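Have a look at the structure below, then the notes.
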Amino acid sequence: MAGSVKTQRVLLVVAWHLLAILAATGAGAMDRQDDIVVTARKRDEKADDVPIAVTKVTGATLDRRGLHQIEDLKQLAPSLNISYFNPRGNYVSIRGIGRNPASDGLEPAVGIFVDGVYLGRPGMAVYDLSDIDAVEILRGPQGTVFGKNTTAGAIVITSRAPTFVPEGSVETSVGTNGLVRFRGSVSTGLVDDVLAARLSVYHTGQGGWIDRLDGGGRLNGTDRTGARLQFLIEPDARLRLRLIAEYHDERDSCCTLVAGSLGPPSATYSARVAAAGGNAVLGGPGYRTTANAPTFLRVRQGGLTANLVYDLGAAEITSVTGYRAWRYRAGFDGDLSSAEAYTNASVPTDDWQFSQEVRIANPGGGRIDATAGLYYFRQSLQSALRLAFGAKAANFLGNTAVPPPSLVAFNGVTSSTEADLNSQSVAVFAQGTWHFHPRLALTIGARGTYERKSGVIDRPANAAQSSYHQALAVEEVDPSGTLALTYARSRDLHLYASYARGAKAGGINPIVATATDDQIVRPEHADSFELGLKSSALGGHVHFDLALFYTRIGAYQATLNRLFGAILANVGRVSTRGVEMEARWRASSRFEMAMTAAYDDAHYDSYPTAPCPPETLGSASCDLSGGPLADAPRWILNGSARYTRQIAASGTVSVGFDYGYRSHYYGNIDNSRYSRLGNVGIANAQLGFTDDRSGTSLQLWIKNLADIRYLESYPLGGATIYGAYFGTIGQPRSIGLTASRHF
């Protein structure tokens, strides 16, 4: 590891100096850069005019840098962290807030929206980012116009719309571990200026990179296929209707975990594996596993979206209707070893949702910009926590060669805890910006949300466990709002101060409750204060944004690891404070650089009943008040640079380099020193050639340039796995070639 870090530092120094030299050779006069337009307040506005910390990334940037999955977005924005275990167990956090992996009973703290539709499950966003127009990453509570479950922020993904002028693209990639990726799109008018259509397809296949030591091949391979069909209807100048249908299918040899830490001497995981006659790969992260149970992943999802915009002249009415269905199946070795303890641990899940939003907005540019609307959301989710106990389960559970009869009863048993969860939400909202002075604007917004959730939890009796039945319901009304003052010192300098309140709905724990488990999870409320600066210079070729923030959250919702699974809980009061910076520099027509940086001090203000780390013996709970928040790196840095040069009448060569760094943090909510994930920095590089006449491009790319071996997160640890910590390991260095053509 040390050698790899040293190699990486050398590569960084060489790359940045080389690109700086190239930049100096390409200086020259350039036209003023166009303003960046965002939809952070659900209307088109210049990014500098919006009192929100927002990062916008175009689809062209995603394509150029080879960012194809939702988890890749963490390379683009400050304070953004994304952890991926599997589609059901991934989570997104912003400014340290949002640790809710595998939370069937709760929505995430970072809302994800695709073409205007809120995704109730974060796994619904786990597919290839193909044919994307733009991604906007909004930081801080966004509850006023985006609604519930955006206490940390929102990610807004917009696909490319149909065009009346024919266009298309095709792209093929090959690379390490048998990577084969294909993406294509075509768009054309069907009826002149009235009807247009667009079809986008993709397929990604790649072999695994974690060796099964039982000879069962490699794990964590990928096989994804999807398509999106759109129609754009514009019968007259006032009406615009966009219809979208999409389908995604995923069949992976995924997802396994590797041992990051055995825990303290008191941890019993390795002894239990031995008692059950098995062995595990222990003593640090590596690309090997002795897990022997079937490991697979199958996800199918589809969606229908209708976006209608009608221009009344004095106002514009927008309707967004969405329906999505999501089906998840997986197999996972619950003991992560060759022991016959858990032969399968899985949570098959079926989810469907329907949403409808109607809003009205006046045209921008006047003294008052106003938006108001109604929102309805309904979701139904069925899941089952299934644990298949093997022939040696009793030995593993009892950590003994001669287990008692009460544990022997588990051998060969399959336990299934089934949950049927339903939720409905209705909201009304309004927001207005009053331009009371040529340089000053005041924004006021409010939203009221009514939410009802109900659930039934059932566990049929088996040879080792009694039956269980519980029906629960919860209702709540939550207000959200925003207040912001913007000062335009000049065209190139904007300052703002804002307050925002966000609410995250409560929920139901889909578990068999014990005496200490509360099945009702209370709502989470966030109050955020922010000061920001947005500036540009040299005709827009230098852009610099700065945000200072402080957010306090009551009844913070998090996932706690427990034996036989995890529960959702309110862990007390937390706060996060820090500073974010974004800078872009277009030094010449040939060279551009970008950098984001964030310092975030996220900690528990009050958490006196936290779970104890395994190194603490004899205590039922521990006081983590004042301690750092789990999964919240203090520093996040990202940088990228790109140089292009004309080498012939119609040929262009480009060189790209990017780097992402995250400082150390605790990977488990118990803040065990054995769950500490170290500092990690990953560098990537691209070298490309484009024939401008034909639109054909070739790009050689390298990801994880220095071949750093690192753990990304700890989905399992502490009490769940008897004191050890198992994590997701990042991909080793991969090299590939991409050929594309635009027409």
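Each residue of the sequence shown is one higher than the one before, starting from 137 at the first, in my numbering.
Glycine included, every Cβ here is placed at the ideal spot set by N, Cα and C.
Source: prediction; values computed, not measured.
Problem - Local conformation of LYS178 per DSSP, three classes - result: coil
- Query: Which of the three DSSP states, helix, strand or coil, is assigned to ALA261?
  - Reply: helix
ask   = Hey, out of LEU834, ASP794, PHE825, whose CA is closest to ILE818's CA?
value = ASP794
- Query: Hey, PHE367 and ALA333: beta-carbon distance below 7 Å or not?
  - Reply: yes
Buried or exposed for TYR254, please, with buried defined as at least 16 other CB atoms from any protein chain shown within 10 angstroms of its CB.
-> Classification of TYR254: buried, given that the 10 Å Cβ count is 16 or more.
Check: In chain order, what residues of the same chain have a beta carbon less than 6 Å from the beta carbon of GLN606, not counting five sequence neighbours either side?
Finding: ILE593
**Prompt:** Taking the alpha-carbon positions, what's the GLU587 to SER491 distance?
**Reply:** 14 Å
Cα separation between ASN558 and PRO646? Roughly 12 Å between the two C-alpha positions.
Tell me the DSSP secondary structure of GLU207 in three-state form.
helix
_Please return the same chain residues whose Cβ sits closer than 6 Å to the Cβ of ASP881, not counting the five positions on each side in sequence._
Beyond the ends of the chain as shown, which are 137 and 879, falls residue 881; an answer cannot be given.
Flag this pair as yes or no: are the beta carbons of ALA477 and PHE546 separated by less than 7 Å?
no
Checklist entry - Taking the alpha-carbon positions, what's the LYS178 to ARG376 distance? => result 16 Å
(message) Spatial neighbours of ILE369 within its chain, please: C-beta separation below 6 Å, excluding the five flanking residues on both sides.
(response) Once the five neighbours on either side are set aside, the close Cβ partners of ILE369 are LEU331, LEU377.
Taking C-alpha atoms, which residue in GLN278, LEU669, ALA723 lies nearest to GLY676?
ALA723
Contacting residues, own chain, Cβ-Cβ under 7 Å from ALA105 (five flanking each side not counted): Residue 105 falls outside the range modelled here, since the chain spans only 137 to 879, and no answer is possible.
| task | Just the C-alpha distance for THR864 and TYR405, rounded to the nearest angstrom, thanks. | result | 18 Å
Check your understanding: Are ALA860 and ALA403 touching if we call contact CB-CB under 7 Å?
Key -> In this structure, ALA403 lies closer than 7 Å to ALA860 by Cβ.
*Counting pairs of beta carbons, one from the stretch 416-429 and one from the stretch 345-353, are three or more of them closer than 8 Å?*
yes
Among GLY259, VAL173, GLY584, ARG595, which residue has its Cα nearest to the Cα of ARG434?
Looking at the Cα atoms, GLY259 is the closest of the given residues.
Closest residue to VAL648 among GLU554, ASP240, GLY341 (Cα-Cα distance) = GLU554
Report buried or exposed for ASN815, applying the criterion of at least 16 other Cβ atoms within 10 angstroms of its Cβ. It is exposed - the Cβ of ASN815 has fewer than 16 other Cβ atoms within 10 Å.
When you compare the stretch 299-317 with the stretch 276-284, are there three or more beta-carbon pairs, one atom per stretch, that lie closer than 8 Å? Note that the stretch 299-317 does not touch the stretch 276-284; fewer than 3 beta-carbon pairs, one per stretch, sit closer than 8 Å.
- prompt: Nearest to GLY396 by CA position, among TYR850, ALA373, ASP251, is which residue?
  reply: Minimum Cα distance to GLY396 is reached at TYR850.
Practice item. Report back the beta-carbon spacing between ARG778 and THR788 to the nearest angstrom; my notes put them in contact at under 8 Å. Key: Rounded, the Cβ-Cβ distance is 12 Å, inconsistent with contact.
Please return the same chain residues whose Cβ sits closer than 7 Å to the Cβ of TYR464, not counting the five positions on each side in sequence. PRO223, ARG224, GLY259, VAL435, PRO484, THR485
- Query: Where DSSP assigns a beta bridge to TYR802, which residues make up the other side?
  - Reply: ARG812
Query - Where PRO277 falls: helix, strand or coil (DSSP) - result: coil
Hey, quick one: how far does the beta strand (DSSP E) through ARG224 stretch, first residue to last? Note, ARG224: premise wrong, no beta strand (DSSP E); not H, not E.
Using 7 Å as the threshold, is the C-beta distance between VAL710 and TYR740 below it?
yes
Inset, instruction - Using a threshold of 7 Å, state whether the C-beta atoms of VAL322 and VAL316 are closer than that. - result: no
**Study point:** Residue environment, GLY164, which counts as buried when at least 16 other CB atoms sit within 10 Å
**Key:** Residue placement at GLY164 is flagged as unreliable, the pLDDT there being 47, under the threshold of 50; a coordinate-derived value is accordingly withheld.
* To do: Report the residue from ALA662, GLY854, GLN560 whose alpha carbon sits nearest the alpha carbon of LEU753.
  => GLY854
Point to revise | Straight-line Cα distance separating HIS661 from ALA416 | key: Between the alpha carbons of ALA416 and HIS661 lies a distance of about 42 Å.
Quick check for students: name the residue ranges of the beta strand (DSSP E) that lie wholly in the stretch 679-732, counting only runs of 3 or more.
693-698, 701-706, 709-722
*Along the alpha helix (DSSP H) that carries PRO541, what are the first and last residues, could you check?*
Membership of PRO541 in the alpha helix (DSSP H) is indicated by the continuous run 541-544.
Enumerate in chain order the residues of its own chain whose CB-to-CB distance from ILE871 is below 7 Å, with the five nearest sequence positions on each side excluded. The answer, listed in chain order, is GLY311, THR312, ILE838.
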